[in-house]
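Below you'll find the structure, written out as structure tokens, and then a few comments.
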Amino acid sequence: MANAESEAGEIISIGRYREKIVHGPIIRTLLWLGAPPLLNQLVIIAYNTADAYWLSQYNDTLVAVPRQMWPIYMLFNAFAMALTAASLSMVSQYIGGKMFNEASRSASRFFTVSSFLGALLCTVLLIFKEKIFMQLLATPPEIFNEVIKYSTIIAFDILFGYTSLIFTALLQSVGETRRPAIINSILVSLNMLFDPFLILGIGPFPRLGVIGAALTDVMGKFISTILLAYVLKRYYPGFNVVFTRDIDLEWVLLVARVGLPVLVLGLANSFAFVAQLRIVNDLGIVAATSYAIGFVIMDIVDGALFGLTSAVSIMIGQSLGAADLKRAKEISYKACLLIFFFVTLGVIAIYPVKETLIRAFSDDPIIFAETNLFLETLLPTLPFFSLFMVVISVGRGSGHTLTPTLIGMFRLWGIRVILGYVLAFVFSMGSWGAWLAIALSNAIGGVFAVLWIKYGRWAKPIIGVVEQK
Numbered sequence: 099m100a101n102a103e104s105e106a107g108e109i110i111s112i113g114r115y116r117e118k119i120v121h122g123p124i125i126r127t128l129l130w131l132g133a134p135p136l137l138n139q140l141v142i143i144a145y146n147t148a149d150a151y152w153l154s155q156y157n158d159t160l161v162a163v164p165r166q167m168w169p170i171y172m173l174f175n176a177f178a179m180a181l182t183a184a185s186l187s188m189v190s191q192y193i194g195g196k197m198f199n200e201a202s203r204s205a206s207r208f209f210t211v212s213s214f215l216g217a218l219l220c221t222v223l224l225i226f227k228e229k230i231f232m233q234l235l236a237t238p239p240e241i242f243n244e245v246i247k248y249s250t251i252i253a254f255d256i257l258f259g260y261t262s263l264i265f266t267a268l269l270q271s272v273g274e275t276r277r278p279a280i281i282n283s284i285l286v287s288l289n290m291l292f293d294p295f296l297i298l299g300i301g302p303f304p305r306l307g308v309i310g311a312a313l314t315d316v317m318g319k320f321i322s323t324i325l326l327a328y329v330l331k332r333y334y335p336g337f338n339v340v341f342t343r344d345i346d347l348e349w350v351l352l353v354a355r356v357g358l359p360v361l362v363l364g365l366a367n368s369f370a371f372v373a374q375l376r377i378v379n380d381l382g383i384v385a386a387t388s389y390a391i392g393f394v395i396m397d398i399v400d401g402a403l404f405g406l407t408s409a410v411s412i413m414i415g416q417s418l419g420a421a422d423l424k425r426a427k428e429i430s431y432k433a434c435l436l437i438f439f440f441v442t443l444g445v446i447a448i449y450p451v452k453e454t455l456i457r458a459f460s461d462d463p464i465i466f467a468e469t470n471l472f473l474e475t476l477l478p479t480l481p482f483f484s485l486f487m488v489v490i491s492v493g494r495g496s497g498h499t500l501t502p503t504l505i506g507m508f509r510l511w512g513i514r515v516i517l518g519y520v521l522a523f524v525f526s527m528g529s530w531g532a533w534l535a536i537a538l539s540n541a542i543g544g545v546f547a548v549l550w551i552k553y554g555r556w557a558k559p560i561i562g563v564v565e566q567k
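Numbering of the sequence shown is given in my numbering, commencing with residue 99 and proceeding in unit increments.
Below, the structure is given as structure tokens:
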């Protein structure tokens, strides 16, 4: 009897938010689920902005160092994105269909695979980092040594990040977005506090530059992993997340069906960003620095985007698991309108003060002019980029990820890389040609995204549905 009561308690803990997600008002539920990761994302943006600012106080060109690492970080994180997409889609649909035992079993499988891959890829980056930045990216010589130092530390961020991401995805599958957001926000805030001390060597701390910036990232990710594991164990005992050998072919095939298109997109995206950064690096240190500063400022506009889109995946996944296909469609339409509106407000707020923001990072008039050109070209297209990010979330929540993958590959390889190279070098447009290609990729990707949401055949579950509406 006691065991039965314990099991019932575990089931309630896993399905505690299901009714609200599956039947609650759509906009209100989107904001309820999306507000915690949105606030967390704003804290992360504040940290990245502060990180770039303190690096610029150490040296103007050091702002470009984290951006040199970014496409490589994406490349090594592509498997994590595929696993988290599959876990969010599968586990949320199991919960929506009240298949709680299957949800728990999948959780351990995802944890096991993710931990192994994190350790493997950390090792690979440590071994091949010089070849990556010298031969693949052609990092400008002015910052090459600093990039190598930074990447050595960030390799361990990848190690802990794989576990942290899978824990976050499992909690989001339940509908628990508040506690992960609180944990990450607190840790990122602490990182922000320690950044100037470790970068600039304030007080008793050594002057570490980019090493200090990387160390705060890794320490935060390590502590986040521990705390997220505690939240899972303490509040959701139905998720008995352990290392397991219980990984069968049927599960692997289902993960591959959902995750493989995401992995292909992640790898294609990463190599596209590598190629894009190679184009920028070939344009020189001024373009590379302006590119980095410009993206720091644009990330401020994207604050609403990356927080709210996670809520879209959760709601669509659980609605499809509950066989409510009409609701899933309605969620996608309202999410497009809501997120497009928020990002547009962000653009309107940032555009008039962009020159003031640029001067906070660099007093060099050449870097200032180049960064201003970058922002004038790209900022107006960010609302369309938000539509593409919604379609990625719709694909991950529904498990139908192939078409979003193809749209993503076209916008990056066809427009950003190939067209960007042609405009920059063949037509001798220089940096403006590269910036224009990025802007066009945002606009065209957003149009294709809306067409797929409206006419695509994604509104159907990928698992056997138990409950029919």
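Every residue gets a Cβ at the ideal spot worked out from N, C-alpha and C, and that includes glycine.
Query, Result
"Under DSSP, the alpha helix (DSSP H) around His498 begins and ends at which residues?", "Careful: His498 lies outside any alpha helix (DSSP H) and carries neither H nor E."
"Give the secondary structure of Gly493 by DSSP, where H, G and I count as helix, E and B as strand, and everything else as coil.", "helix"
"By the three-class DSSP mapping on this structure, what secondary structure does Glu348 have?", "helix"
"For Pro481, which three-state DSSP category applies?", "helix"
"Taking Cβ to Cβ, would you say Pro478 is nearer than 9 Å to Val451?", "no"
"Tell me which residue opens and which closes the alpha helix (DSSP H) that Ser526 is part of.", "Taken as a continuous stretch (DSSP letters only), Ser526 belongs to no alpha helix (DSSP H), as it is neither H nor E."
"Just mark Asn367 as buried or exposed, buried being the case when its beta carbon has 16 or more other beta carbons within 10 Å.", "buried"
"Please state if the CB of Ala205 and the CB of Val360 are separated by a distance shorter than 9 Å.", "no"
"With DSSP run on the structure shown, which of helix, strand or coil describes Lys289?", "Inspection of the sequence shows that residue 289 is occupied by Asn rather than by Lys. Asn289: helix per DSSP, three-state reduction."
"Just curious, the alpha helix (DSSP H) that Lys331 is in, first and last residue?", "Val308 to Tyr333"
"For Arg514 versus Asp344, is the C-beta distance shorter than 9 Å?", "no"
"Along the chain, where does the alpha helix (DSSP H) containing Thr147 start, and where does it finish?", "Ile124 to Tyr156"
"Counting beta carbon pairs with one atom in the segment 160–168 and one in the segment 307–325, are three or more of them shorter than 8 Å?", "yes"
"Grab the span of the alpha helix (DSSP H) containing Gln166 for me, first residue to last.", "Ala162 to Gly194"
"Throw me the rounded Cβ distance for the Ile505 and Phe546 pair, which I believe falls under 8 Å.", "5 Å"
"Kindly list the residues whose CB is nearer than 7 Å to the CB of Val120, restricted to its own chain and excluding five residues on each side of it in sequence; keep chain order.", "Gly194, Gln416, Ser417, Ala420 and Asp422"
"Leu131 and Thr275 look like a contact to me (Cβ under 8 Å); what is the Cβ gap, rounded to whole Å?", "5 Å"
"Could you pull the start and end residues of the alpha helix (DSSP H) that Leu218 belongs to?", "Phe198 to Lys229"
"Take every Cβ of the segment 465–477, pair it with every Cβ of the segment 530–538, and state whether three or more of those distances are shorter than 8 Å.", "yes"
"Quick one: grab the DSSP three-state call for Glu240.", "coil"
"When the Cβ atoms of the segment 141–149 are set against those of the segment 279–296, are three or more pairs found closer than 8 Å?", "yes"
"Relative to the C-alpha of Gly382, which candidate in Thr159, Lys427, Tyr145 and Tyr151 has its C-alpha closest?", "Thr159"
"Which residue marks the beginning of the alpha helix (DSSP H) containing Glu474, and which one marks its end?", "Pro463 to Leu476"
"Span of the alpha helix (DSSP H) holding Glu453?", "Lys452 to Phe459"
"If distances are taken between C-alpha atoms only, which option among Met413, Tyr328 and Leu406 comes closest to Pro134?", "Leu406"
"How should Tyr192 be labelled, buried or exposed, when 16 other C-beta atoms within 10 angstroms of its C-beta is the threshold for buried?", "buried"
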